[in-house]
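Residue numbers (full-length UniProt numbering): 1 to 181. Here is the structure we will look at, set down as structure tokens.
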């Protein structure tokens with residue numbers, strides 16, 4: 001509610017930072033991950049964490065002018081953001097894009113779920129009913145989705161992330177949650 005998460009899970013936030021920041025060493029280019037987020041998600045971040053360090057931040061908003069600060073990109077849609085990234089981070093740029101993470105909000109998640117370039121979902125499944133006013137646009141356990149999306153083995157998640165990930169349910173501050181891909 002009020003544009004904030006209904007929980008404060010420090011271990012989950014450490015995991016989020018590790019996942020969205022990890023870049024394998026490839027070559028002489030500097031590689032960075034991108035975090036795409038809607039304007040409300042951006043505004044929900046505490047000022048001391050804006051921009052998310054070590055990642056290229058792109059804010060998606062239909063507003064004409066946003067004062068986001070230096071080095072923060074703005075686009076009007078998911079497709080515009082992808083086009084912007086391909087233009088700015090072309091082969092002539094010493095910084096290259098490794099992975100692109102959509103980190104919220106609900107409208108952007110919905111657009112990403114319908115986008116042909118989306119090829120995996122990294123999710124933290126929270127096993128607690130909480131009073132919320134914004135939801136992820138699909139339920140992962142939905143039968144209709146089982147033909148489109150399949151849960152990967154835990155070892156595949158760890159390989160993709162590049163480090164160990166707690167397996168099974170984690171208990172933190174009265175919340176049970178699980179990391180999935």
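The beta carbon of each residue, even a glycine, is placed where N, CA and C say it ideally should be. Keep in mind the model is a prediction, meaning the values are calculated, not measured.
Judged by DSSP secondary structure, residue 36 falls outside any alpha helix (DSSP H) and instead within the beta strand (DSSP E) spanning 30-38. For residue 9, there is no enclosing beta strand (DSSP E), as DSSP marks it with neither H nor E.
Under the three-state reduction of DSSP output, residue 74 falls in the strand class. With fewer than 16 other CB atoms across the displayed protein chains lying within 10 angstroms of its CB, residue 168 is exposed.
The residues 58, 59, 60, 61, 66, 68, in chain order, have a CB closer than 8 Å to that of residue 74 in the same chain once the five nearest residues on each side in sequence are set aside. Judged by DSSP in its simplified three-state form, residue 109 adopts helix. Nearest in C-alpha terms to residue 157, of all of 35, 120, 6, is 120.
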